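Structure first, commentary second.
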């Protein structure tokens with residue numbers, strides 16, 4: 001009796017396979033950490049008012065740069081995606097047909113994020129170029 005060995009499986013270079021659900025999961029965590037970081041900095045700089053109003057005013061002045069404006073635009077996209085994807089995750093978890101439609105819901109979430117973010121970012125760009 002001879003034993004036939006199975007062919008060796010090719011080694012995967014990464015754990016991620018590129019499935020949209022995996023990217024949604026990763027992006028949800030990244031946007032959550034980004035929002036947390038923003039809230040942390042926001043609480044700290046607001047607390048400066050109690051310490052020294054002059055220091056607070058200087059900190060707020062540094063936020064009036066184009067780089068911070070671009071970061072605010074990114075924050076808008078992060079908040080929109082995180083909120084809408086969170087609703088999608090709730091639907092996948094608690095709606096009986098959620099797992100069946102999860103991929104479709106992801107594309108709907110991305111489309112709604114684009115539709116909502118475009119005018120917001122457009123307005124922010126307009127403000128950036130007219131006020132600075």
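In our numbering, the protein residues as written are 1 to 132.
Each residue gets a CB set at the ideal place from its N, CA and C atoms; glycine is no exception.
Please read all numbers here as calculations on a predicted model, not as lab measurements.
The alpha helix (DSSP H) that contains residue 107, what's its start and end?
That run of the alpha helix (DSSP H) goes 98–131.
Can you tell me whether residue 52 is buried or exposed? The criterion is at least 16 other CB atoms within 10 Å of its CB, across all chains shown.
Residue 52 sits exposed, since fewer than 16 C-beta atoms from the chains shown fall within 10 Å of its C-beta.
Alpha-carbon spacing of residue 136 relative to residue 71, whole angstroms:
Residue coverage of the chain in this structure runs from 1 to 132, which leaves residue 136 outside it and unanswerable.
Does the Cβ-Cβ distance between residue 77 and residue 121 come in under 9 Å?
Contact flag set, yes.
Confirm the yes/no value for this check: CB of residue 7, any heavy atom of the ligand COA, distance under 8 Å.
This structure lacks the ligand COA; in fact it carries no ligand of any kind.
For residue 124, which of 82, 74, 79, 6 has the nearest alpha-carbon?
Relative to residue 124, the option among 82, 74, 79, 6 whose CA is nearest is 74.
Close-in-space but distant-in-sequence residues of the same chain around residue 31 (CB under 6 Å, 5 per side omitted):
So the list reads 78, 81, 82, once near-sequence residues are dropped.
Helix, strand or coil: how does DSSP classify residue 34 here?
Three-state result, residue 34: helix.
Please check the pair residue 20 and residue 88, which I expect to be a contact at CB under 8 Å, by giving their CB distance rounded to whole angstroms.
That pair is no contact at about 11 Å.
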